[in-house]
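If you read the sequence shown in our numbering, its first letter stands for residue 38, the second for the next number, and so on. Where a beta carbon is used, it is the ideal one built from N, C-alpha and C, also for glycine.
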Amino acid sequence: VRSRVSLTGQFASIDEDLTATENLTLLARLLGFSKSQAAARAEELLAAFDLTKAAGRQSKTFSGGMRRRLDIAASLVITPDLLFLDEPTTGLDPRSRNQVWDSVRAMVALGTTILLTTQYLDEADQLADRIAVIDHGRVIAEGTTGELKSSVGTGALHVRLVNAETRPAAAQLLTRALASPVFQESDPFALSVRTDDNERVAGALAELARSEIAVSDFAFGRPSLDEAFLALTGRPAEDGTTDQEEAA
38 VRSRVSLTGQ FASIDEDLTA TENLTLLARL LGFSKSQAAA RAEELLAAFD
88 LTKAAGRQSK TFSGGMRRRL DIAASLVITP DLLFLDEPTT GLDPRSRNQV
138 WDSVRAMVAL GTTILLTTQY LDEADQLADR IAVIDHGRVI AEGTTGELKS
188 SVGTGALHVR LVNAETRPAA AQLLTRALAS PVFQESDPFA LSVRTDDNER
238 VAGALAELAR SEIAVSDFAF GRPSLDEAFL ALTGRPAEDG TTDQEEAA
């Protein structure tokens with residue numbers, strides 16, 4: 038069983054005194070690769086995670102993002118049947134995050150089953166075939182991303198403001214105009230509210246203009262996965278929680 042399963046935990050588990058190449062080569066040799074195969078696999082993974090230039094440096098000199106990328110690369114020395122990823126992109130910059138996403142998609146395409154835990158619901162939206170929402174240690178909802186979004190309503194207004202300082206006034210106005218609570222997103226310029234009333238949406242946008250609250254962009258469509266999580270749990274997915282009570 039252990040030869041068919043791989044795990045990337047929440048914290049890096051690489052040997053800090055070894056170089057990036059040495060870490061990957063050591064693991065490959067322990068997994069039965071020949072010397073030439075281990076060297077080739079280490080080189081391949083370093084290139085895939087943009088670590089080639091740092092291949093000869095000790096891991097303890099790496100930045101947090103580089104260490105995380107090396108840790109994930111180490112879990113991919115072999116292509117397992119089942120891979121557990123515990124918040125694999127926490128602390129990564131957008132480019133590194135997209136590289137991890139690409140690696141996840143490639144492994145799934147090759148037949149690996151992946152169980153991924155994350156607080157970033159855009160990550161779940163991008164990668165997951167099926168999602169389970171966990172709150173206080175219990176699974177409270179499960180389904181595809183479309184099913185979870187549909188379960189909390191069929192429409193949502195998303196508004197992006199020109200000035201973040203106007204968000205409190207905009208939230209108060211939208212709450213009154215749409216008779217529905219407004220969700221203030223992690224982006225300080227963004228607001229969203231669940232509603233199916235087209236006429237009220239048009240009126241609310243007009244009222245924002247009359248109140249001189251400048252809007253740079255808006256969209257009216259299905260609720261986001263963040264809004265679905267908020268509706269199901271009563272709090273945003275990235276709120277400070279204890280005991281890792283996040284979305285899975």
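{"Check": "Backbone secondary structure at Ala165 - three-state DSSP", "Outcome": "coil"}
{"Check": "Arg105 versus Leu83, Ile115 and Gly93, residue with shortest Cα-Cα distance", "Outcome": "Leu83"}
{"Check": "Entirely enclosed beta strand (DSSP E) segments - the region 102 to 164, minimum 3 residues", "Outcome": "119 to 123 and 150 to 154"}
{"Check": "Presumed contact (8 Å Cβ cut-off) between Leu122 and Trp138, rounded CB distance", "Outcome": "11 Å between Cβ atoms; not a contact."}
{"Check": "Exposed unless 16 or more other CB atoms sit within 10 angstroms - verdict on Lys186", "Outcome": "buried"}
{"Check": "Local conformation of Arg41 per DSSP, three classes", "Outcome": "helix"}
{"Check": "Three-state secondary structure assigned by DSSP to Phe266", "Outcome": "helix"}
{"Check": "Residue-level contact to chain D via CB, Leu194, 8 Å cutoff", "Outcome": "Among the chains of the structure shown, chain D does not appear; only one protein chain is present."}
{"Check": "Three-state secondary structure assigned by DSSP to Ser248", "Outcome": "coil"}
{"Check": "Pick from Leu158, Val145, Pro117 and Ala92 that is closest to Glu124, judged by C-alpha positions", "Outcome": "Leu158"}
{"Check": "Beta-ladder partner(s) of Ser229, from DSSP", "Outcome": "His195 and Phe220"}
{"Check": "From Gln221, Thr212, Ser188 and Arg94, residue whose alpha carbon lies closest to that of Glu202", "Outcome": "Gln221"}
{"Check": "Inter-stretch contact at 8 Å, needing at least 3 Cβ pairs: the region 109 to 116 / the region 44 to 61", "Outcome": "yes"}
{"Check": "Proximal residues to Asp118 (C-beta, below 6 Å), its chain only, five neighbours per side dropped", "Outcome": "Arg41"}
{"Check": "Close Cβ partners of Glu53 (< 8 Å) along its chain, the five nearest in sequence each way excluded", "Outcome": "Gln95, Ser96 and Lys97"}
{"Check": "Secondary structure of Arg28, DSSP reduced to three states", "Outcome": "Residue 28 falls outside the range modelled here, since the chain spans only 38 to 285, and no answer is possible."}
{"Check": "For Gln156 and Val238, the rounded distance between their alpha carbons", "Outcome": "30 Å"}
{"Check": "Straight-line gap, Asp166 to Met144 (C-alpha atoms, nearest Å)", "Outcome": "14 Å"}
{"Check": "Status (buried if at least 16 other CB within 10 Å, exposed otherwise) for Thr270", "Outcome": "buried"}
{"Check": "Cβ-Cβ separation, Gly128 to Gly192 (assumed contact under 8 Å), whole Å", "Outcome": "Not confirmed; about 35 Å, so no contact."}
{"Check": "Cβ separation of Gly102 and Thr56, assumed to be a contact under 8 Å, to the nearest whole Å", "Outcome": "So it is not a contact: roughly 17 Å between Cβ atoms."}
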